[in-house]
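*Asks:*
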Amino acid sequence: MLCGKQRGLEDRVVERLIEAPATMKVLAADLKAGGKQGPRAVYKAVGNLIRCGVLAKAGMVVRVDQEWARVVRNLVQHPIAPSLAPGERLAYRFTSLANLDAYWKTLVLGLEELEQDGQVFVYTPHNFWAYLPERKESEDGYYRHFAEQKVHAYHTVGGSTAADLAFKYAYQNQFLQIHAGHVGGLLRTDHLKILGDYVLNVRLPKGITSHIDSLYASGRGVADFLPELVGIFETRTNIRLTLEHNGPKARKLKKRLSLPFYFWQS
1 MLCGKQRGLE DRVVERLIEA PATMKVLAAD LKAGGKQGPR AVYKAVGNLI
51 RCGVLAKAGM VVRVDQEWAR VVRNLVQHPI APSLAPGERL AYRFTSLANL
101 DAYWKTLVLG LEELEQDGQV FVYTPHNFWA YLPERKESED GYYRHFAEQK
151 VHAYHTVGGS TAADLAFKYA YQNQFLQIHA GHVGGLLRTD HLKILGDYVL
201 NVRLPKGITS HIDSLYASGR GVADFLPELV GIFETRTNIR LTLEHNGPKA
251 RKLKKRLSLP FYFWQS
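Count the sequence shown with this note's numbering and you get residues 1 to 266, in order.
1) Given this structure, state the Cα-to-Cα distance separating Asp-65 from Ile-212, to the nearest angstrom.
2) Determine the DSSP secondary structure at His-281, reduced to helix, strand or coil.
3) Measuring CB to CB, does Asp-164 end up less than 8 angstroms from His-126?
4) Just to confirm before moving on: does the CB-CB distance between Gly-159 and Ala-130 stay below 8 angstroms?
5) Considering only the beta carbon of each residue, do Val-202 and Leu-100 sit closer than 8 angstroms?
6) Following the continuous beta strand (DSSP E) through Ala-91, name the residue where it begins and the one where it ends.
7) Under the assumption that Leu-50 contacts Lys-57 (Cβ atoms under 8 angstroms), give the Cβ distance between them as a whole number of angstroms.
8) With H, G and I counted as helix, E and B as strand and the rest as coil, what does DSSP make of Val-151?
9) Does DSSP put Asp-197 in a helix, in a strand, or in coil?
10) Taking Thr-209 as part of the alpha helix (DSSP H), name the residues at either end of that continuous run.
11) With a CB to CB cut of under 7 angstroms and the five nearest residues on each side skipped, what residues in its chain are close to Cys-52?
Now the structure itself:
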């Protein structure tokens, strides 16, 4: 049991990663020093925990999944968040959309723990993420949490098609404002989130971006082209995620994205 006297290998894996993320090699070495399990057993335990939604993995780096951590926050009482010095930058590559989304949410929810200004800025050319079946429950919970946690979010969707507007009307609320319309100067491949001085960017390949644009431009609703959308991401692809602590860039993006919105005065 986690934090209990009798701990299995999976418990020790989680407890070690609560302290800090680690590569698989470092994790296996740390756990070998405290027990008799070899690397193969550690790799198997990590795989089981990823499938259960307890851990998230990018490349060889593993960290505690922030969504799971929120569920057990009262037990853990240990904020899990990435911490970069000004000017530092991390980059990851994914071939699986599900793994990307899980890791992305882990970073985002962790950053919300660090940033106290209570404002989140988002840009997506089209927010298809809200409709992908294997991640929909997670997405719905994420959009709900703004109102539940009283965090103000300003989400710009870079299109005004029927499907874009359907997302706006389905998800906007007092704390989550959504604007649907073209924004100049931003790449159609980029999906941005800005929290404080941190900028996260998910960059999709141009071929995928063009295909998604054509689906939305067809005028159909998401439900009508969802099978085609899912098919795009069922094939292996190259998706890049970057996280950077860059105050000037964050402020520039916030200024550009804030124009359509009204802001609450504290």
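Just so you know, even glycine gets a beta-carbon here, dropped at the ideal spot from N, CA and C.
None of these values were measured; they are calculated from a predicted model.
*Replies:* With the given structure in hand:
1) Residue mapping note: residue 65 aligns to position 65 of the sequence shown, counting from 1. Residue mapping note: residue 212 aligns to position 212 of the sequence shown, counting from 1. Rounded to whole angstroms, Asp-65 to Ile-212 spans 28 angstroms at the Cα level.
2) Summary: the structure shown does not reach residue 281, with the chain confined to residues 1 through 266, and so no result is reported for it.
3) The residue labelled residue 164 in the question sits at position 164 within the sequence shown. The residue labelled residue 126 in the question sits at position 126 within the sequence shown. Yes, Cβ-Cβ distance for Asp-164 and His-126 is below 8 angstroms.
4) What you label residue 159 is simply residue 159 of the sequence shown in a count that begins at 1. What you label residue 130 is simply residue 130 of the sequence shown in a count that begins at 1. No, Cβ-Cβ distance for Gly-159 and Ala-130 is not below 8 angstroms.
5) Numbered from 1 along the sequence shown, position 202 holds the residue referred to as residue 202. Numbered from 1 along the sequence shown, position 100 holds the residue referred to as residue 100. Closer than 8 angstroms, so yes.
6) Reading the sequence shown from its first residue, position 91 is the one you call residue 91. 89 to 94 is the span of the beta strand (DSSP E), which, as asked, contains Ala-91.
7) Taking the sequence shown and counting its residues from 1, one reaches residue 50 at position 50. Taking the sequence shown and counting its residues from 1, one reaches residue 57 at position 57. The sequence shown places Ile at residue 50, not Leu. Between Lys-57 and Ile-50 the Cβ distance is about 6 angstroms, and since that is below 8 angstroms, they are a contact.
8) As a working note, residue 151 is residue 151 in the sequence shown. In this structure, Val-151 counts as coil in the three-state DSSP scheme.
9) Position 197 of the sequence shown, counted from the first residue, corresponds to residue 197. It is coil, neither helix nor strand.
10) One-based indexing of the sequence shown puts residue 209 at position 209. 206 to 217 is the extent of the alpha helix (DSSP H) around Thr-209.
11) Taking the first residue of the sequence shown as 1, we reach residue 52 at position 52. The answer is none, since no qualifying residue turns up.
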